[in-house]
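The opening residue of the sequence shown carries number 68 in the numbering used here; numbering runs sequentially from there. Built from N, CA and C at the ideal position, the CB exists for glycine as well. Written below as structure tokens is the structure these notes are about.
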Amino acid sequence: MQNIVAINIRKLRKLNKLSLDAFAKKLDLSPSNLSRIERGELNISVQLLQKVSDCFSVSIQFFFSDQSSVETLKNNHNNFIKQFREASKYINEFSMQTFVIAFSGDIIHDNQLDSIVQDINLLQSLNIRIVIVYGIRPQINHEINDQSSVSLVRNIRVTDQETLEKVIDVNGRNKIKIESALSSKSLDLSSGNKENKVASGNFITARPLGVIDGIDMQFSGQIRRIDATSIKNKLDNKEIVIISPLGFSPIGDIFNLSYEKTAADVSSAIKADKLIYYMNHNGILNLKGDLISELTTLKAENLIKSIENNSSPEKAPNISINDFNILKSSMYAIKNNVPKVHLVNRSSDGSVIEELFTQRGSGTIFTEYPLEIIRQAEIKDVKKIYRLISPLGNKGILLSRAKEQIEKDINHFYVIEHNHDLIGCTALYKYDFMAEIACFAIEREYQNKGYGNKLLKFCEKHTKKMGISEIFLFTTQSEHWFLEKEFISSKKEGMPIKRKKYYQTERNAKFFTKKL
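Printed below as a string of structure tokens:
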């Protein structure tokens, strides 16, 4: 047992990059005695072990675990550092932006409100301006479960006077629960002893839907106007704004609204930077059940048409009618100048944090156009290109290039960006009748996601524009990938004469060509 304690102390000290002298000084101990403790030659007292545990912020029990616990701690430490560095750029980017967060009454019904409110408080602590739009549909369904006269028209509830009274009661209860959760000290991560300020009001002017398919929708309504100025004033005052799925007419009538469409309208009216929907899945799934991590208006239109034409929203595979309504409302928001919509899983703890603050995300991001662009490289890209290809050069996967060489050849380089991050690069060199693809690399996190294929297609298209009908490349470890892209293994004697003088025989790279 003494040896296990000794090994863990030494490993933890090295993990924290403390010298023997520096750590001994912290413990008010001589370096020689500390050295003997770490070698297992000197017993350590409980008091001294408590002092060691305090230095490293671990429990005493930790030192009696096997060595793998230290390795786990090290991995967790490294992962935390990496993730925090990754998140820092998003923290800076999102500061003072406005997010509209929409969720259904299912979150309250299924006791998921507290965890989601924790994340909302965290977002606000990062100087993000928050508007919450909530739904009450499951609670209404419960209240009117025994009423056979209740009907739906195009999945919209017909709200008669009796139903409206229940809508008003349920709305009040849900609103109070949300305000209570936002005000709870146990959930407030954002402001220490400072209380969150929550605001609500008659921000929405509504009118009746009227008659649909011959049915009078009565008190089911649609938005006529949104008081964007009042909402922004509340946000400027650092208040979280809560908006219910109810609207009011100038003559005092109350109308039941769709929370999905309300969130989209509010986002457009206040020029929100993001609209976030909590839904039943990780995001939108395609007809095969696979997650669509990135969705554009064109893809969404095709998906909606496929669902509506091939079956119906009620019978569509891999998407509930509620999530289908979210999909259509997301489309409306994007078409009305909301830059990005994020769709995250309400049942996955911290899904919105993972979606917003990591490169991989957790759900579906919806934008008007694709997030990635391919462009000519610029001098400002030299450091990032070097960082991307130098490890591959060290391993002999790519031909090594110094920063100076990349800068000199920058006009030959092209980069692919995803959401403004440089995630891949390539270089095109033109010879008499052939063009070479070189320095072809994609960041590890983005591999096997189609970005390499897009970059290769760009190279082929650009080569054709140069009036060249054949491309070639050298590779040491990616031959199968290029064979799948219709390249063929060729004899090195066929490379352009000007290229032969730069060929490094010691790499013994294989030569592949492709006719375009």
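Would you please verify whether the beta carbon of residue i is less than 7 Å from any beta carbon of chain D?
| i | result |
| --- | --- |
| Asp186 | Among the protein chains of the structure shown there is no chain D, as only one such chain exists. |
What three-state label does DSSP hand residue i in the structure shown?
| i | result |
| --- | --- |
| Leu342 | strand |
| Arg224 | strand |
| Val419 | helix |
| Asn405 | At residue 405 the sequence reads Val, which differs from the Asn that was named. DSSP places Val405 in coil when its eight states are reduced to three. |
| Gly356 | coil |
| His348 | coil |
| Asn194 | coil |
| Thr572 | coil |
| Ser257 | The predicted position of Ser257 is uncertain, since its pLDDT is 46 and thus under 50; a value taken from the coordinates is nonetheless stated next. DSSP places Ser257 in coil when its eight states are reduced to three. |
| Arg442 | strand |
| Leu410 | strand |
| Lys462 | coil |
| Arg80 | helix |
| Ser215 | Model confidence at Ser215 stands at a pLDDT of 47, short of 50, so the residue's coordinates are unreliable and nothing is read from them. |
| Arg566 | helix |
| Glu510 | coil |
| Leu489 | strand |
| Leu313 | strand |
| Lys264 | strand |
| Ile555 | strand |
| Ile388 | helix |
| Ile535 | coil |
Taking its Cβ as the centre, do 16 or more other Cβ atoms sit within 10 Å of residue i, making it buried, or is it exposed?
| i | result |
| --- | --- |
| Ser287 | buried |
| Gly259 | Because Gly259 carries a pLDDT of 48, less than 50, the predicted location of this residue cannot be relied on, and the following value inherits that uncertainty. Flag for Gly259 reads exposed. |
| His485 | buried |
| Leu466 | buried |
| Asp121 | exposed |
| Tyr436 | exposed |
| Asn238 | buried |
| Gly268 | exposed |
| Asn222 | exposed |
| Val225 | buried |
| Ala469 | exposed |
| Arg454 | exposed |
| His487 | exposed |
| Phe391 | buried |
| Glu551 | exposed |
| Met562 | buried |
| Asn159 | exposed |
| Gly519 | buried |
| Val265 | buried |
| Ser215 | In this predicted model, Ser215 has a pLDDT of only 47, less than 50, meaning its place in the structure is not dependable; the value taken from the coordinates is given anyway. With fewer than 16 other Cβ atoms within 10 Å, it is exposed. |
One question on the structure: do residue i and residue j come within less than 7 Å of each other, judged by their Cβ atoms?
| i | j | result |
| --- | --- | --- |
| Val408 | Leu342 | yes |
| Ile127 | Leu116 | yes |
| Ala248 | Ala295 | no |
| Phe554 | Phe579 | yes |
| Ile490 | Glu474 | no |
| Leu438 | Glu368 | no |
| Val419 | Asp186 | yes |
| Gly463 | Thr364 | no |
| Ile271 | Ile290 | yes |
| Met533 | Lys581 | no |
| Ile441 | Ile483 | yes |
| Ile197 | Ile307 | yes |
| Gly350 | Gly430 | yes |
| Tyr326 | Gly202 | yes |
| Val411 | Tyr513 | no |
| Ala505 | Ala330 | no |
| Ile207 | Val184 | no |
| Phe480 | Ala494 | yes |
In the DSSP assignment, what residue or residues form a beta bridge with residue i?
| i | result |
| --- | --- |
| Tyr496 | Glu503 |
| Gln117 | None; Gln117 has no bridge partner. |
| Gln285 | Thr226 |
| Lys577 | Thr542 |
| Ile393 | Ile393 is not bridged to any residue. |
| Thr165 | Arg196 |
| Leu362 | Phe433 |
| Val278 | Asp283 |
| Arg292 | Thr272 |
| Glu484 | Ile440, Leu489 |
| Tyr399 | Answer is none; Tyr399 lacks a bridge partner. |
For residue i, report the span of its beta strand (DSSP E) as first-last.
| i | result |
| --- | --- |
| Ala273 | 271-275 |
| Ile310 | 306-310 |
| Ile432 | 431-434 |
Which stretch, first to last residue, makes up the alpha helix (DSSP H) that contains residue i?
| i | result |
| --- | --- |
| Ile111 | Here Ile111 belongs to no alpha helix (DSSP H), and DSSP marks it neither H nor E. |
| Asn100 | 98-105 |
| Lys208 | Here residue 208 turns out to be Asn, not Lys, going by the sequence shown. Counting along the chain, the alpha helix (DSSP H) containing Asn208 begins and ends at 204-210. |
| Gly519 | 518-532 |
| Ile321 | Here Ile321 belongs to no alpha helix (DSSP H); instead the beta strand (DSSP E) covers 321-323. |
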